[in-house]
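Note that UniProt numbering numbers the sequence shown so that position 138 is 138, with each residue one more than the last.
The beta carbon of each residue, even a glycine, is placed where N, CA and C say it ideally should be.
Everything below concerns the one structure shown next.
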Amino acid sequence: MSARTVLHDSDITRALRRIAHEVLESRRGDGRLVFLGIPTRGTVLAERIQRVVDEIEPGTSSVGSLDITLYRDDLARTPTRAPAPTRIPDEGIDDAIVVLVDDVLYSGRTVRAALDALADHGRPRAVRLAVLVDRGHRELPIRADFVGKNLPSSTSERVSVRLADVDGVEEVTIEP
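Okay, structure coming up:
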């Protein structure tokens, strides 16, 4: 069986616009927003969401990236990967509403690592989680606040997010 496309480029764009609106609605005009993407694709998604937010409410948000490589609990089992740069906006994250952004939420371990990394950079007022795809199978008590697509899947299946900025194509696929 081959990969099945579950989100096309227009679906991804629509999901990110919806997430941006939901973030603004949940904020209720209270507080500075900082979008921090988890490299690699989470950073691209954070930048896209922040651009939409900036179109709606200019100057109320900023964007950066948060590398979690050294905070992961599976470093001994996974191949070595080079850390990506962490970019925290100049105004920092103290007292901001931080929205962590990732492409796929699966076990929750990446988000746990992101929360540990975030604590080393300041104390936000609140932390929210936005993901393009939530595929279930949590190993930790973590849930996304903003989800582009819930995609129930088997643990034997692979969900792949490909973004034009990184991969040259814009789609989400699921393969056996």
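Member of ASP120, VAL111 and LEU163 whose CA lies at the smallest distance from the CA of PRO141: Working through the sequence shown from its first residue, we reach residue 141 at position 141. Distance check between PRO141 and each of ASP120, VAL111 and LEU163 places VAL111 closest, using alpha-carbon atoms only.
Own chain residues within Cβ distance below 7 Å of residue 177, not counting five before or after: Nothing can be reported for residue 177: it is not among the residues displayed for the chain, which extend from 1 to 176.
Residues near PHE35 by beta carbon distance below 7 Å, same chain, minus five either side: As a working note, residue 35 is residue 35 in the sequence shown. For PHE35, the CB contacts under 7 Å within the same chain, skipping 5 residues up- and downstream, are ALA46, ILE49, GLN50, SER61, VAL63, VAL99 and VAL101 in chain order.
Which residues does DSSP list as the beta-bridge partners of LEU105? If you number the sequence shown from 1, residue 105 lands on position 105. Per DSSP, the beta bridge partners of LEU105 are ASP134.
Nearest neighbour of SER65, chosen from PRO85, VAL104 and ALA20 [CA to CA]: The count along the sequence shown starts at 1 and reaches residue 65 at position 65. Checking every option, the nearest Cα to that of SER65 belongs to PRO85.
Looking only at DSSP bridge pairs, what is ARG4 linked to? Start at 1 with the first residue of the sequence shown, and residue 4 comes out as number 4. According to DSSP, ARG4 bridges with ILE174.
If you draw a straight line from the alpha carbon of ARG28 to that of SER2, how long is it in whole angstroms? On the sequence shown, residue 28 is found 28 positions in, with the first residue counted as 1. On the sequence shown, residue 2 is found 2 positions in, with the first residue counted as 1. The alpha-carbon of ARG28 is positioned some 44 Å away from that of SER2.
Can you tell me whether SER26 is helix, strand or coil according to DSSP? Taking the sequence shown and counting its residues from 1, the one referred to as residue 26 is at position 26. Secondary structure of SER26 (DSSP, three-state): helix.
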